[in-house]
Amino acid sequence: MRIATWNVNSVTARLDRLLAWLELAQPDVVALQELKCADAAFPTMPVQALGYEVATLGTGRWNGVALLSRVGLDEVTHGLTGQPQYEGADEPRAIGATCGGVRVWSVYVPNGREPGHDHYGYKLEWLAALRVTVGAELTAEPSRPLAIIGDFNVAPTDDDVWDISVFEGSTHVTEPERQALADLRELGLADVLPRALKGNPYTFWDYRNGALHRGWGMRIDLVYANPAFAGAVTDAYIDRDERKGKGASDHAPVVVDLDVAAQAIPAAGAER
DNA sequence: ATGCCCTATGATATAGGA
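Position one of the first sequence corresponds to residue 0 (numbering that gives the first Met the number 0), numbered consecutively onward.
The following block contains the structure:
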């Protein structure tokens, strides 16, 4: 099973590239972020035409997440348990579903803007709600493969940005944000590290200043997987080619291949 | 080369991104 996550920075602006990429990469499950459209405006029909079921959570101009699946799309959950509001609004930033026996969450973690900003506190509260929501699912079904995938808007380590000195005083690299990710990992989730097809394993490069070809990237699109998921991973890579050329998103897809059948074999009687 | 910001919106400026 091939599972991918991609912040598309507007699904309508990216539609041609998204459809072409689905045909090229042949993912079974895709988590999308930054749809920038309401549910009614999501291009459901052309995606369905490629064999995918679609679940979306979008309200309009900002945010928005979706799950596409051609291996079943069940138990859809919209939003987090105890999800905080921002300026009185419930923002569309998380959608969960069970796809072919694998529990998947597509998340678009708040940016935070700058340390001390209301949005920064909101980001930390949001990550705490994510931990509560996923923690309950892991407790209820500990042997089911599960992964949180999406744009976490946090670089887990200094090696996940091209130059840490540039980020002094900025969001994405602060200790509280990294602690929030550590708290997620405390649930038993592992950071599945994708290989880079070229250069460093970054997933985002700013549109400005030729960041892509200068190597000014960040690894902020992550795959946080429980043991049943992580143990089934056979490959993981960043599809940097999708960041190239005209009409690209500023994020590249992260692709994970799973051998779910092998993982499902009971441990009892196994060779190791 | 991959090449120097992009997207949606009560739009001809602005907010947000990270």
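All residues carry an ideal CB built from backbone N, CA and C; glycine is no exception.
How should Asn225 be labelled, buried or exposed, when 16 other C-beta atoms within 10 angstroms of its C-beta is the threshold for buried?
buried
Evaluate Ile163 with the Cβ neighbour count: other Cβ atoms within 10 Å of its Cβ, from every protein chain shown; 16 or more gives buried, anything less gives exposed.
exposed
Which of the three DSSP states, helix, strand or coil, is assigned to Phe203?
strand
Those residues which DSSP pairs with Ser68 across a bridge:
Val28 and Glu52
For Ala267, which of helix, strand or coil comes out of DSSP?
Since pLDDT at Ala267 reaches only 46, below the 50 mark, its modelled position is unreliable, and the value read off the structure follows with that caveat. Coil, per DSSP.
In this structure, does DSSP put His212 in helix, strand or coil?
helix
Where Ile163 falls: helix, strand or coil (DSSP)
helix
Per DSSP, Val101 is paired with what?
Cys98
Determine the closest residue to Ala127 out of Pro45, Tyr206 and Pro175, with distance taken between C-alpha atoms.
Pro175
Alpha helix (DSSP H) segment containing Glu74, residue limits
It is not in any alpha helix (DSSP H) - Glu74 instead sits in the beta strand (DSSP E) that spans Asp73 to His77.
Per-residue burial, Val131 [other beta carbons within 10 Å of its own, 16 or more giving buried]
exposed
Considering only their Cβ atoms, is the gap separating Phe151 from Leu221 smaller than 8 Å?
yes
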